[in-house]
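Participant:
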Amino acid sequence: MVELRHQVGKETMHAEQGIPFSEHIMAEEFPAHFLAPSYLPAYVGTTDVAKHIRKFENTTLLHSKNDQKSVISLFRVKQEDNETPMAYAQRFNTTILEVPAAHQEVIVSIFTQRLRGGPIFESLDKKAVFDFLDVLARARKYMNLEDA
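For the sequence shown, our numbering gives the first residue as 3, with consecutive numbering after it.
This is the structure:
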């Protein structure tokens, strides 16, 4: 108990000297791979430490999240010259999973625009489909007809 009081007393004294962290924290070494964030200048002791720490936490939180792909990224997925429509549909579907806010009509429209000509394209062009699962079903139907 005496040791604990002594430790608390040291930390209180450390804080009274204007150092925001305990001696224990100040003695810790940074990991070897640590890089100080370039978007936040080092704390020099002339500003509010709580404000500096909040800014660090907020910017670190913002930089720690992976940016989600937008609907525009679907335009980058197009059917390659030697790619089957089904392989293209599967690759397109993988990209859709990374775009959470995409509407079905937009997905179908982009898929159809990036699809090379052929019976599947003609079928989608003649009879509108508004759900990507229906597009996949129609693509499977045409692939099965070609295999038969």
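Heads up, the beta-carbon is just placed ideally off N, CA and C, and yes, glycines get one too.
Can you list, in chain order, the residues of its chain with a C-beta nearer than 6 Å to that of P87? Leave out the 5 residues immediately preceding and following it.
Facilitator: Here residue 87 corresponds to residue number 85 of the sequence shown, with the count starting at 1. Answer for P87: I122, A141, listed in chain order.
Participant: Going by DSSP in three states, L135 sits in which element: helix, strand or coil?
Facilitator: On the sequence shown, residue 135 is found 133 positions in, with the first residue counted as 1. In this structure, L135 counts as helix in the three-state DSSP scheme.
Participant: Using a Cβ-Cβ cut-off of 8 Å (strictly less than) and excluding sequence neighbours within five positions of E202, which residues of its own chain qualify?
Facilitator: Within the shown structure, residues of the chain are numbered from 3 to 150, placing residue 202 beyond reach of any answer.
Participant: Here's a check: name, in chain order, each residue in its chain whose Cβ is nearer than 8 Å to the Cβ of T61, leaving out the five neighbours to either side.
Facilitator: One-based indexing of the sequence shown puts residue 61 at position 59. Hits under 8 Å: P39, Y41, L42.
Participant: What separation, rounded to the nearest whole angstrom, lies between the Cα atoms of Q92 and Q70?
Facilitator: As a working note, residue 92 is residue 90 in the sequence shown. As a working note, residue 70 is residue 68 in the sequence shown. Approximately 20 Å between the Cα atoms of the pair.
Participant: Taking the alpha helix (DSSP H) that N95 belongs to, which residues open and close that run?
Facilitator: Taking the sequence shown and counting its residues from 1, the one referred to as residue 95 is at position 93. 87-98 is the extent of the alpha helix (DSSP H) around N95.
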